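Visitor:
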Amino acid sequence: MIYPELKYYRAIDSRNLATRYWGTKEPIADVVFLHGIVSHGGWYEASSSSLAGDGFAVHFLERRGSGLNLEGSGDVDHWTTWVSDVVTYIESLPQDRPKILAGISWGGILATCIARRHPELLSGLVLICPGLFSNKAANRAQRAALSLAKRIRLLNKKVQVPLQDPALFTNSPSWQKFIEQDPLALRQITIRFAINNLELLQQATSQPEQIKTPVMLALATTDPITANEPTRNFVRRFGSTQKKIVEYEGASHTLEFEDDPWAYFRDLSNWCKQIATA
5 MIYPELKYYR AIDSRNLATR YWGTKEPIAD VVFLHGIVSH GGWYEASSSS LAGDGFAVHF
65 LERRGSGLNL EGSGDVDHWT TWVSDVVTYI ESLPQDRPKI LAGISWGGIL ATCIARRHPE
125 LLSGLVLICP GLFSNKAANR AQRAALSLAK RIRLLNKKVQ VPLQDPALFT NSPSWQKFIE
185 QDPLALRQIT IRFAINNLEL LQQATSQPEQ IKTPVMLALA TTDPITANEP TRNFVRRFGS
245 TQKKIVEYEG ASHTLEFEDD PWAYFRDLSN WCKQIATA
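Last residue of the sequence shown? That's 282 in our numbering, and every number before it is there in order.
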């Protein structure tokens, strides 16, 4: 097991943001991970360590207001800030290595948006049970309520993240307990966050044909959060000529928390190696 180094980088608004970094001697590529709405980089240390052991420099960015970034918990001023935070970090990396952006759950929404808006930065895109199309998405009534809250200026009001049940993420009792007791998990977001999340989602799911970056999509067949069929169909519409779709039979939303996640770790590493050596 390779343990991460905690680093901070400065965003364009001068806020210092945390990233967990797994270094390796002479890395073959940089893999930048984006976590889900509830989670943080600490959930994914096993897969990150595995990739580092296979020769990758792994960077797990903590979203502002989440995980180790305690300032402005569960808030953001605008969806473009999420984009710029990631772009700023990727642009700071050495230019002589391939860059692979990997988005898990909610992070898959942000990663897809970045791949469409900044294709020049990336050699590969990995979407791991992404939240692009979700069984837990805001319904029409909830969207109307958000619109009303925006009009009457309740943007700072906090609401509960709908994904409160640990069983939505994993079938493992021990990992469910871990999630339930995790002090860094995000439990509440502002109305402003929720509104910007919908705007980010609209950006991410528009014009998939524009995405030319090679992509790997990982899905879990018993995922209660990700809607697999529309997600699969959406990725097939990408303009990329290199698309790999892998489905893990019987797995739940967080592949990291499966009893035997090593097939997923192996598939992820092998695909990243193909991109790094192309």
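Even glycine gets a Cβ: it sits at the ideal position worked out from N, Cα and C. Just so you know, these numbers come straight off a predicted model, no measurement behind them.
Is it true that the CB of Leu65 sits closer than 7 Å to the CB of Ala115?
Guide: No, Cβ-Cβ distance for Ala115 and Leu65 is not below 7 Å.
Visitor: Please look up how many angstroms separate the CB atoms of Ala33 and Ile104, rounded, as I've assumed it's under 8 Å.
Guide: Indeed they touch by this definition, with Cβ atoms about 6 Å apart.
Visitor: Hey, is the segment 50 to 67 in contact with the segment 15 to 28, meaning 3+ C-beta pairs nearer than 8 Å?
Guide: Because the criterion of three Cβ pairs below 8 Å is met, the segment 50 to 67 and the segment 15 to 28 touch.
Visitor: May I have the straight-line CA-CA distance separating Trp83 from Leu10, to the nearest angstrom?
Guide: Using only the alpha carbons, I get a separation of about 25 Å.
Visitor: If we ignore side chains and look at the alpha-carbon of each, how far apart do Asp79 and Ser43 end up?
Guide: The straight-line gap from Cα to Cα measures roughly 15 Å.
Visitor: Could you check whether the Cβ of Leu136 sits closer than 7 Å to any Cβ belonging to chain D?
Guide: In the structure shown, chain D does not exist; there is a single protein chain.
Visitor: For Ala22, report the span of its beta strand (DSSP E) as first-last.
Guide: First-last of the beta strand (DSSP E) with Ala22: 20 to 26.
Visitor: Flag this pair as yes or no: are the beta carbons of Thr92 and Ala208 separated by less than 7 Å?
Guide: No.
Visitor: Per DSSP, what kind of secondary structure is Ala15 in: helix, strand or coil?
Guide: Ala15 falls in the coil class under three-state DSSP.
Visitor: Let's see if you can read the secondary structure: which residues bound the alpha helix (DSSP H) around Phe182?
Guide: Here the alpha helix (DSSP H) through Phe182 covers 177 to 185.
Visitor: Could you give the first and the last residue of the continuous alpha helix (DSSP H) run that contains Asp271?
Guide: Unbroken alpha helix (DSSP H) run through Asp271: 266 to 280.
Visitor: Counting only the same chain and skipping the five closest in sequence on each side, list residues whose C-beta sits under 7 Å from that of Asn175.
Guide: Around Asn175: Ser256.
Visitor: Using the beta-carbon count (16 or more within 10 Å), is Gly112 buried or exposed?
Guide: Burial call: buried.
Visitor: So the candidates are Arg19, Asn274, Pro212, Asp263; which of them puts its Cα closest to the Cα of Arg120?
Guide: Taking only the C-alpha atoms, the option nearest Arg120 is Pro212.
Visitor: Around the Cβ of Tyr7, are there at least 16 other Cβ atoms within 10 angstroms (buried) or fewer (exposed)?
Guide: Its Cβ having fewer than 16 others within 10 Å, Tyr7 is exposed.
Visitor: Does the separation of the CB atoms of Pro123 and Ala280 fall below 7 Å?
Guide: Contact flag unset, no.
Visitor: Hey, Pro228 and Leu172 are a contact pair by Cβ (cut 8 Å); roughly how many whole angstroms apart?
Guide: Correct: roughly 5 Å between the Cβ atoms.
Visitor: Rounding to the nearest angstrom, what Cα-Cα distance links Trp86 and Ala61 in this structure?
Guide: C-alpha separation (whole angstroms): 22 Å.
Visitor: Could you tell me which whole alpha helix (DSSP H) segments of length 4 or greater appear in the segment 33 to 76?
Guide: Correct list: 49 to 57.
Visitor: Within its chain, find whatever has a CB closer than 8 Å to the CB of Ile215; leave out the 5 residues flanking it on each side and keep chain order.
Guide: Taken in chain order, the residues that qualify are Thr116, Ala119, Arg120, Pro123, Leu129, Phe242, Gly243, Ser244.
Visitor: Terminal residues of the continuous alpha helix (DSSP H) containing Ala222?
Guide: First-last for Ala222: 219 to 224, but that is the beta strand (DSSP E), not the alpha helix (DSSP H).
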